[in-house]
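K.L.:
Once you've had a glance at the structure underneath, I'll fire off some questions.
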Amino acid sequence: MEQLRKKTTKANEKLRNNNRKSDLQRNLPPGPQRLPFIGNLHQIGELRYLSLQESSSHHGPFMFLKLGSIPTLVVSSAEIAKETFKNHEMAFFGRPKLYAMNRFGYNGSAMTFTPYGDYWKEIRKIVMLDLLSAKRVQSFQAVRFEEVQVLLHFIALSCGSPVNLSHLKLSLTSKKGPRNLKL
Numbered sequence: 001m002e003q004l005r006k007k008t009t010k011a012n013e014k015l016r017n018n019n020r021k022s023d024l025q026r027n028l029p030p031g032p033q034r035l036p037f038i039g040n041l042h043q044i045g046e047l048r049y050l051s052l053q054e055s056s057s058h059h060g061p062f063m064f065l066k067l068g069s070i071p072t073l074v075v076s077s078a079e080i081a082k083e084t085f086k087n088h089e090m091a092f093f094g095r096p097k098l099y100a101m102n103r104f105g106y107n108g109s110a111m112t113f114t115p116y117g118d119y120w121k122e123i124r125k126i127v128m129l130d131l132l133s134a135k136r137v138q139s140f141q142a143v144r145f146e147e148v149q150v151l152l153h154f155i156a157l158s159c160g161s162p163v164n165l166s167h168l169k170l171s172l173t174s175k176k177g178p179r180n181l182k183l
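Each residue of the sequence shown is one higher than the last, beginning at 1 in the UniProt record's numbering.
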């Protein structure tokens, strides 16, 4: 039993040393000591934001954590986070390639499935300026009001019996979408 404990301790030390060496080789920011397999999960308390704030006061605005096997970069300064997202937007705003994107999203060209890039930016600009502008949203007000009235009338008629609001909400939104596009 004693030999097993010694071997386990030695293996843990070797894993820690390998982690330190690989962090130095990858030029990662500093972070708290971590354990093999669970990383820094044991250091994150119930109030995660307080645990991260306390750690960042020791390690600076950039901090490297390992949450289980997932490497995580924590940026605790709003200004630095803004700059990081601005300068490295392609690394943060990508989407995974999924079969459904090609099958149901016109080979990934539908707005919801388009990978982040120039095409996505152009589509977003069109949607924001043409479909979701204040004037256009205001023009949908009559349709929204009428559909809510229908919903409330249905609920009033169902008085005394249970009403599945999830089903009604889905019905309301599926009817409202095409009507908004006709206006």
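Every residue gets a Cβ at the ideal spot worked out from N, C-alpha and C, and that includes glycine.
1. Look up T114 in the DSSP assignment and say whether it is helix, strand or coil.
2. Got a sec? Which residues, its chain only, sit under 8 Å from F37 by beta carbon, not counting five neighbours each side?
3. Report the rounded CA-to-CA distance for Y116 versus P29, giving the unit in angstroms.
4. Look up residue 184 in the DSSP assignment and say whether it is helix, strand or coil.
5. Following the continuous alpha helix (DSSP H) through L52, name the residue where it begins and the one where it ends.
6. For the 8 Å Cβ check, are there 3 or more pairs between the segment 147 to 155 and the segment 163 to 172?
7. Select from T9, G45, L168, L73 the residue whose C-alpha is nearest the C-alpha of R26.
8. Would you list the one or two residues that DSSP bridges to L132?
9. Looking only at its chain, what residues have a beta carbon closer than 7 Å to the beta carbon of F85, apart from the 5 residues adjacent to it on each side?
10. Tell me whether K66 sits in a helix, a strand or coil according to DSSP, three-state version.
11. Taking the alpha carbon of G31 as the point to measure from, which residue in K121, L65, H88 has its own alpha carbon closest?
12. Assign residue 187 to one of two classes, buried (16 or more other C-beta atoms within 10 Å of its C-beta) or exposed (fewer than that).
13. Over what stretch of residues does the alpha helix (DSSP H) that includes V150 continue unbroken?
14. In its own chain, which residues sit with a C-beta less than 8 Å from the C-beta of E89, not counting the 5 before and 5 after it?
15. Take N87 and list the residues in its own chain whose beta-carbon comes closer than 6 Å to its own, dropping the five residues that flank it on each side.
16. Using the beta-carbon count (16 or more within 10 Å), is G94 buried or exposed?
17. Buried or exposed, going by whether 16 or more other CB atoms sit within 10 Å of the CB of S57?
18. Indicate the three-state DSSP secondary structure (helix, strand or coil) for L35 in the structure shown.
P.N.:
According to the data block:
1. Coil.
2. Closer than 8 Å at the Cβ level, and outside the excluded window around F37, lie G68, S69.
3. Y116 and P29: Cα-Cα distance of roughly 27 Å.
4. The chain is shown only over 1 to 183; residue 184 falls outside these bounds and no answer can be derived.
5. Start and end: 48 to 59.
6. Touching, per the Cβ criterion.
7. Checking every option, the nearest Cα to that of R26 belongs to L73.
8. Note: L132 sits in no beta bridge, so no partner.
9. Excluding the 5 residues flanking it on each side, F85 has same chain C-beta neighbours closer than 7 Å at F92, in chain order.
10. K66 falls in the strand class under three-state DSSP.
11. Ranking the options by Cα distance to G31, first place goes to L65.
12. For the chain, the structure presents residues 1 to 183; residue 187 sits outside this window and is missing.
13. For V150, the enclosing alpha helix (DSSP H) begins and ends at 141 to 157.
14. Y116, listed in sequence order.
15. Answer for N87: no residue qualifies.
16. Answer is exposed; the Cβ neighbour count stays below 16.
17. Of the residues assessed, S57 falls on the exposed side of the cut-off, its CB having fewer than 16 other CB atoms within 10 angstroms.
18. L35 falls in the strand class under three-state DSSP.
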